[in-house]
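Below is one structure, written out as structure tokens; comments come after it.
Number of protein chains: 2
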Amino acid sequence: MANQPQIRTTTEAWESLFRTQVAVMRRLQQLPEFKKLAMREYDVLFNLSNCPTGWTRLNELNEALLISQPSLSRMVERLEAKGLVRRRTAEADQRGIEISLTEAGAKLQQEIGREHVRHLHEMLAPRLSEAEFRQLHELTDKLRAGLKNS
Amino acid sequence: MANQPQIRTTTEAWESLFRTQVAVMRRLQQLPEFKKLAMREYDVLFNLSNCPTGWTRLNELNEALLISQPSLSRMVERLEAKGLVRRRTAEADQRGIEISLTEAGAKLQQEIGREHVRHLHEMLAPRLSEAEFRQLHELTDKLRAGLKNS
DNA sequence: AGTCCATAGATGCAATTGCATGTAATATGG
DNA sequence: CCATATTACATGCAATTGCATCTATGGACT
């Protein structure tokens, strides 16, 4: 049986990851693409754009975000009012609702997404090598995958 | 001159890191220690507890958090009202204010911190090895250090 | 020193958020 | 198949947040 990592090792790694996330986010938030739409709202559009069927359940969407269910419910309401998102009741479960991007929503997501990706790359690329980014990707994937069952 | 990493590599690594942060945070938020104090408020106490002199400038504190300056200003106000934090005007700069933990604040921070660290460790430790956590720590440190100058 | 610009925080106010709870639909256990 | 529990989302309402702006201090340039 493998040795468990030390408490200090796990918590310090987490703190470093967390601080890095904060540092990057602070810089990203100020960029012009997020004048068009708050980051949290963009995050919703982004998640919707990643869904293969185009329609996503509200509760499923909620799991990918840090906001509460009522907040998301109202945010979707606002996005719908802006014409960026559509809603329908889920066929399989009449309690649930499904959401998808409208054309305008998809267009805006792509527009912001392009700038966002470019800025992200400019910000991060000089800091680590290709191999290091791949390593980081693998480690965070592995960490996240393990959380699913708990 | 070293090759720049690919756009896909950097952005996918970032997305993985970000998603992992969200997944961990969602779980942490629900734990009992954060019934005592919201996570964002704990984060302030934690940052204050890490300051060697005990006193931290408001603007400096703000840089470590994702909330806006006015929000922090009011949060400090509330924490002061709860008796967890003290304020004084900075000597060197009469515009600035400095903040420190009260005894009650330090005590509460330690109390929550202990549980938090334990839960964090339980959550993360089984997912990666000691060596992998160290690797993750190094990579995120390096990434964050690079951001300082930009 | 005097004028102008920058920086640190505070504050008015509207928008967003979360908590507690409500409603409706589905799953479960007898 | 009915009673009960659970799940999905909505809503009332108070608390928190952010944006724009204000005040006061500090710095820079003449």
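Protein chains in written order, with this note's numbering: chain X, 1 to 150; chain E, 151 to 300. Note that CB positions come from ideal geometry on N, CA and C, so glycine has one too. This one's a predicted model, so the numbers in the text were calculated from it and none came from an experiment.
Inter-residue Cα distance where the pair is residue i and residue j
i	j	result
GLY246 of chain E	ALA240 of chain E	5 Å
GLU115 of chain X	ARG40 of chain X	16 Å
GLU122 of chain X	THR160 of chain E	9 Å
ILE217 of chain E	PHE133 of chain X	28 Å
ASN47 of chain X	LEU124 of chain X	22 Å
LEU187 of chain E	PRO70 of chain X	21 Å
GLN180 of chain E	ASN153 of chain E	43 Å
TRP164 of chain E	MET225 of chain E	30 Å
VAL85 of chain X	LEU222 of chain E	32 Å
PHE34 of chain X	GLU162 of chain E	20 Å
GLU213 of chain E	ASP93 of chain X	45 Å
ARG268 of chain E	GLU77 of chain X	39 Å
ARG158 of chain E	PRO126 of chain X	14 Å
ALA256 of chain E	ASN209 of chain E	21 Å
CYS51 of chain X	GLU111 of chain X	18 Å
PRO182 of chain E	GLY263 of chain E	12 Å
MET232 of chain E	ARG19 of chain X	Residue identity differs from the one stated: residue 232 of chain E is Lys in this sequence, not Met. Whole-angstrom Cα-Cα distance: 27 Å.
LEU65 of chain X	LYS148 of chain X	15 Å
SER199 of chain E	TYR192 of chain E	10 Å
Bridge partners - residue i, DSSP secondary structure assignment
i	result
GLU261 of chain E	Per DSSP, none; premise fails for GLU261 of chain E.
ILE99 of chain X	X:THR56, X:ARG87
Beta-carbon separation (whole angstroms), residue i vs residue j, contact threshold 8 Å
i	j	result
ARG6 of chain X	GLU280 of chain E	Strictly speaking, residue 6 of chain X in this sequence is Gln, with Arg absent from that position. With 8 Å as the limit, GLN6 of chain X and GLU280 of chain E qualify as a contact, their Cβ atoms being about 7 Å apart.
LEU17 of chain X	LEU286 of chain E	7 Å
LEU211 of chain E	VAL194 of chain E	7 Å
LEU289 of chain E	LEU120 of chain X	No, LEU289 of chain E and LEU120 of chain X are not in contact; Cβ-Cβ is about 16 Å, not under 8 Å.
GLU80 of chain X	ARG87 of chain X	6 Å
Quick one: which residues of the stretch 42-74 of chain X get their C-beta closer than 8 Å to a C-beta of chain E? List them in chain order.
GLU63, ALA64, LEU65, LEU66
Give me the subset of the stretch 130-148 of chain X whose CB atoms are less than 9 Å from a CB atom of chain E, sorted by chain position.
GLU130, ALA131, GLU132, PHE133, ARG134, GLN135, LEU136, HIS137, GLU138, LEU139, THR140, ASP141, LYS142, LEU143, ARG144, ALA145, GLY146, LEU147, LYS148
Pairing CB atoms from the stretch 164-175 of chain E with CB atoms from the stretch 141-149 of chain X, are three or more of them under 8 Å?
yes
Mind listing which residues of the stretch 254-269 of chain E have their C-beta closer than 7 Å to chain X's C-betas, in chain order?
VAL267
Counting pairs of Cβ atoms below 8 Å between the stretch 98-118 of chain X and the stretch 44-60 of chain X, do you hit three or more?
yes
Cβ-based contacts, 8 Å cut-off: residues of the stretch 154-184 of chain E near chain X
GLN154, PRO155, GLN156, ILE157, THR159, THR160, THR161, GLU162, ALA163, TRP164, SER166, LEU167, PHE168, ARG169, THR170, GLN171, VAL172, ALA173, VAL174, MET175, ARG176, ARG177, GLN179
Taking any Cβ of chain X, which residues in the stretch 226-243 of chain E have a Cβ under 8 Å from it, in chain order?
none
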